[in-house]
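Enquirer: Pasting a structure here, questions to come.
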Amino acid sequence: MTDNITSAGGGSRPDTGVSALKGRTGAGAPAETRGKTTIADGVVAKIAGTAAREVPGIHSMGAGMARAFGAMRERVPGAGTGQGVTRGVKAEVGERQAALDLDVVVEYGVPIVDVAAGVRTNVISAVERMTGLQVVEVNIAVDDVHLPDEEEEAAPDEGRVS
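Spelled out as structure tokens, the structure:
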């Protein structure tokens, strides 16, 4: 998160107990200045993916090939556990900032601009609240529109053979 830089006034050595990089050290220092917290790209991607899926109008995440491989992986027992949350999300995390790229599929009939704004707001809010990182950008690529009759065509093929 943020590094605290403090200076001790008075005394013959004003910089005693002060580190320019991490703030005051030692037993009297606040807990938040005693060490470094790093947040992996995957953590931010999971938060962003979950937040994006909460927005009404989002059908799924990921570009066409990622969705196809993800669907195959989900059918194999034990192969796709936990990876679906980050599908369609790319996160770049620095020390204090994060940037995100999302690939989404929206439902037919919803205003895409409004859905994108809702996704952007929800993702920024969730990532900043949970990580303390400043989200500098959320780029959204709408890769497809899910039509209502697409699921109806796929269902009969699955039930033909028992």
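Numbered according to my numbering, the sequence shown terminates at residue 150, and the numbering increases by one at each position without gaps.
In this text, a Cβ means the ideal position worked out from N, Cα and C, and glycines have one as well.
Quick check: the Cα distance between Leu90 and Gly50, rounded to an integer number of angstroms?
Expert: Computed Cα separation, rounded: 8 Å.
Enquirer: Does DSSP put Ile27 in a helix, a strand or coil?
Expert: Reduced to three states, the DSSP call for Ile27 is coil.
Enquirer: Give every residue of the same chain whose Cβ lies closer than 8 Å to the Cβ of Gln122, excluding the five residues on either side of it in the sequence, and list them in chain order.
Expert: Answer for Gln122: Arg84, Gln85, Ala86 and Glu116, listed in chain order.
Enquirer: Look at the alpha carbon of His134 and the alpha carbon of Ser48, and state the distance between them as a whole number of angstroms.
Expert: Cα to Cα, the separation comes out at about 9 Å.
Enquirer: Whole-angstrom Cβ separation of Pro44 and Tyr96, contact assumed at under 8 Å?
Expert: With 8 Å as the limit, Pro44 and Tyr96 do not qualify as a contact, their Cβ atoms being about 13 Å apart.
Enquirer: With DSSP collapsed to three states, give me the class of Ala39.
Expert: Helix at Ala39.
Enquirer: Ile27 and Val103 look like a contact to me (Cβ under 8 Å); what is the Cβ gap, rounded to whole Å?
Expert: Not confirmed; about 27 Å, so no contact.
Enquirer: Consult DSSP for Val98 and reduce its assignment to one of helix, strand or coil.
Expert: In the structure shown, Val98 sits in coil (DSSP, three-state: anything other than H, G, I, E or B).
Enquirer: Given Glu138, which residues of its chain have a CB within under 8 Å of its CB, disregarding the five upstream and five downstream residues?
Expert: So no residue of the chain qualifies.
Enquirer: Assuming Ala39 and Ala105 form a contact by the criterion Cβ under 8 Å, report the distance between their Cβ atoms to the nearest whole angstrom.
Expert: Contact doesn't hold; Cβ gap of about 14 Å is too wide.
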